[in-house]
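There are 2 protein chains.
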Amino acid sequence: MSIEKVAKIAGVSAATVSRVLNDQHIVKPATRDKVLAAIAQCNYQPNLLARQLRTSRSRMLLVLVSNITNPFCSLVVRGIEEEAERHGYHILLCNSESNPTRESAYLSLLRGKVVDGVITMDAVSCLPGLTDMIGDFPWVQCGEGDPEFRASSVTIDNSQAASAGVYHLAAKNRQRIALINSDMRYLYSQQREQGYRKALTELGFEYCKIEYVEELDYTAGAKAMEKLLQNAPKPDAVFAISDVIAGGAMSVLHQQGLHIPNDIAVLGFDGVPFGEVTTPPLSTIVQPMHQFGIRSVQLLINKIKHPQLDDSHEILEWQLIERGST
Amino acid sequence: MSIEKVAKIAGVSAATVSRVLNDQHIVKPATRDKVLAAIAQCNYQPNLLARQLRTSRSRMLLVLVSNITNPFCSLVVRGIEEEAERHGYHILLCNSESNPTRESAYLSLLRGKVVDGVITMDAVSCLPGLTDMIGDFPWVQCGEGDPEFRASSVTIDNSQAASAGVYHLAAKNRQRIALINSDMRYLYSQQREQGYRKALTELGFEYCKIEYVEELDYTAGAKAMEKLLQNAPKPDAVFAISDVIAGGAMSVLHQQGLHIPNDIAVLGFDGVPFGEVTTPPLSTIVQPMHQFGIRSVQLLINKIKHPQLDDSHEILEWQLIERGST
DNA sequence: CTGAAAGCGCTTACAG
DNA sequence: CTGAAAGCGCTTACAG
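Protein chains in written order, with my numbering: chain A, 1 to 326; chain B, 1001 to 1326.
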């Protein structure tokens, strides 16, 4: 079923059908009604590929996440989808697992005109080949903002938030605050570590111990916690780079019979729902995940509509929520 | 940059460039080399929309999930993406939140030729309008298999698994086994409830108490648990329809000072990673989530390639894992 | 082995 | 207000 056939049924030209389809009000009401009737009669739905090819607009957005399994990511994606829908856009999801081959396969959709722009939530910024692939296409980095790249960004002040986390723990009389950080490829990891070290210095604390994880999952958090408990003196607080990591750490502490927060305090990062149901509930630094998604889409669509626009870098507010674990 | 320009640079016709692009081996090696050089020289990437329009194959799959935030969903999506990539397909994600408007917007992409087929993980089956939209397009239901519909499916035997759960709890000397079930729109909810009731009858248990949740999140699980504890006699075991629900329930039990499993046992469903880090670790019925994703894609692509094929209904194996909570 | 031509199904100046 | 025609960028019989 094509526009040509609808036109024939309605007794008009394809151009007129197209005008009706696109809500152009220059069509005479009577004609319009005939067309609408024909469309309904044959249950016609335009071929979107043809339209996209012709207009060179796909109204699709590529979203590159490193791990959709991470609740932080899925909450951001939710915000992205909500806002995209509002603007008539659809989402193509690439769950990259930080796999460059897969990322580049998806990014080639930009040059292939299948998507109009991309939101990245992975550290593409350190994979030079990939940034070449993005080239001049509309791009916003979400949750991470490397000003070196020609991309807009939506983030929080990671360094400041991490410092605040350390001060919070210090206010709870903790002296030996360990950090479980993730892959230093991520700019946010670097920034949070910097904030952690800065606060430690300001406080005059000597204890400074950092364990790195390669994946942001419970198992990685558990392993890191085990390592942290091996050397003396043991920490009396752990600051985890993500709530998921904190969850893994807490399970090890329970196993070893340590009391949270008396023996050791635990502070997370992200503000993911499961932090509300841990034992004890997890204190954490909340990122505005939903808002991350919404603003990212707004910036991206703005850039798609006005390509000559300058990149903008948004810093949203974080918030420290104290629950039972600190 | 179009195929025409590449052809001009290489001194051949567009048809020849197209043949090289599509790896057709009838091209003379010398010609082939010239073309490849031209492609490299101008960094050419074919317009995928044009190709898709011409071949009427988009190599895109639509995935409809009700809530990407649910770890069950994201683990299945991961499997889907992995297998799709293997076949050269990309994923369009619709996080429907069970919102019919959004679902139908995405489903219209089927008739719009933007996607070649759809995998649903939501209860579209009870939204008649939506199944009309899917029409005769390739469709597989994942995690739910309603034989009434013209769709293939990949599931487990939900009724059998639920019965086994009840028997497991009975073997732990539980007599008052409550069920926290989800929305009865879902076929799997109906099937699991049926398995639960069947086992209860077989065991001759009189206690039978079911609480329903509308959302599959921690909060909903917590609320349901609170209600369950309000009437006497209290249950000595809770069987939750999902691990996330179980997590919410456990937090309430901890708050009320009840010991798990001594005072009350908790059994989950899904086998999601966070069940490993609860206190105590969660016993659960594991669904092969990754395999769900993989098989769904295989069935779907098979159907895309051979539309006349009959629908197939696959039942995969579940597994009861006993951890500390039962 | 290669090219000229038609066509996928739309949209959009242009002319009337 | 409407239609004829061109064109988006590919692929694919068809002919040579």
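For glycine and all other residues, C-beta sits at the position ideal for the given N, C-alpha and C.
- Of the other Cβ atoms in all chains shown, 16 or more fall within 10 Å of the Cβ of B/Gln-1141; this residue is therefore buried.
- Out of A/Val-154, A/Tyr-106, A/Gly-143 and A/Thr-155, the CA that lies nearest to the CA of A/Thr-131 is found in A/Tyr-106.
- Residue contact with chain B for A/Leu-93: present (Cβ-Cβ distance below 7 Å to some residue of chain B).
- Around the C-beta of B/Leu-1309, fewer than 16 other C-beta atoms lie within 10 Å, and the residue is accordingly described as exposed.
- Between the stretch 1280-1290 of chain B and the stretch 1038-1048 of chain B there are fewer than three inter-stretch CB-CB distances shorter than 8 Å, so the stretches are not counted as touching.
- In the three-state scheme derived from DSSP, where H, G and I count as helix and E and B as strand, A/Ser-283 is classed as strand.
- Taking the Cα of B/Gln-1190 as reference, the smallest distance to any Cα among B/Thr-1219, B/Ile-1241, B/Glu-1082 and B/Ala-1170 is reached at B/Ile-1241.
- The beta carbon of A/Gln-291 does not come within 7 Å of any beta carbon belonging to chain B, so the residue lies off that interface.
- Close partners of A/His-259 in chain B (Cβ separation under 7 Å) are lacking, with about 12 Å as the shortest Cβ gap.
- Interface annotation, A/Glu-85: in contact with chain B, CB-CB separation under 7 Å.
- In the structure shown, B/Glu-1082 adopts helical secondary structure according to DSSP, grouped into three states.
- Comparing alpha-carbon positions, the option among A/Asp-263, A/Pro-100 and A/Arg-323 lying closest to A/Phe-269 turns out to be A/Arg-323.
- In the structure shown, the three-state DSSP call for B/Asn-1158 is helix.
- With 16 or more other CB atoms across the displayed protein chains lying within 10 angstroms of its CB, B/Gly-1195 is buried.
- Counting other Cβ atoms within 10 Å of its Cβ, A/Arg-86 stays below 16 and is therefore classed as exposed.
- B/Glu-1214 is outside the set of residues whose beta carbon lies under 7 Å from a beta carbon in chain A.
- A contact between stretches requires three or more CB pairs, one per stretch, nearer than 8 Å, and the stretch 1209-1216 of chain B meets this requirement with the stretch 1236-1251 of chain B.
- When the beta-carbon positions are compared, B/Leu-1203 and B/Glu-1144 stay at least 7 Å from each other.
- Under the three-state reduction of DSSP, A/Cys-208 is assigned to coil, being neither helix nor strand.
- Across the stretch 1196-1227 of chain B, CB contacts with chain A closer than 9 Å involve Asp-1217, Tyr-1218, Thr-1219, Gly-1221 and Ala-1222, in sequence order along the chain.
- Against chain A, the CB of B/Ile-1068 has a partner CB under 7 Å away; the residue lies at that interface.
- Ranking A/Met-1, A/His-90 and A/Pro-138 by CA distance to the CA of A/Leu-299 puts A/Pro-138 first.
- Using a Cβ-Cβ cut-off of 7 Å, A/Glu-81 counts as an interface residue toward chain B, since at least one Cβ of chain B sits closer than that to its own.
- Neighbours of A/Tyr-106 across chain B, judged by C-beta separation under 8 Å: His-1090.
- Proximity to B/Val-1076 across B/His-1313, B/Lys-1303 and B/Gln-1291 peaks at B/Gln-1291, based on C-alpha coordinates.
- Under the Cβ criterion of 7 Å, B/His-1168 is not counted among the residues facing chain A.
- B/Leu-1061 is not a Cβ neighbour of B/Gly-1112, given a cutoff of 7 Å.
- Across the structure, A/Val-6 and A/Arg-54 are spaced so that their CA atoms are roughly 19 Å apart.
- For B/Ala-1040, the closest Cβ of chain A is not nearer than 7 Å.
- Between A/Ala-222 and A/Gly-248, the C-beta gap is smaller than 7 Å, which places the two residues in contact.
- Looking at the backbone, the Cα of B/Asp-1157 and that of B/Ser-1163 are separated by about 10 Å.
- Boundaries for A/Ala-232: no alpha helix (DSSP H) harbours it, and the DSSP string shows neither H nor E there.
- Of all residues in the stretch 1312-1326 of chain B, none places a beta-carbon less than 8 Å from a beta-carbon of chain A.
- Residues of chain A with a Cβ closer than 8 Å to the Cβ of B/Gln-1256 do not exist; the shortest Cβ-Cβ separation is about 12 Å.
- Ranked by how close their Cα comes to the Cα of A/Ser-74, the residues B/Ser-1098, B/Thr-1069 and B/Arg-1078 have B/Thr-1069 in first place.
- Straight across, the Cα-Cα distance linking A/Glu-317 with A/Pro-261 is about 27 Å.
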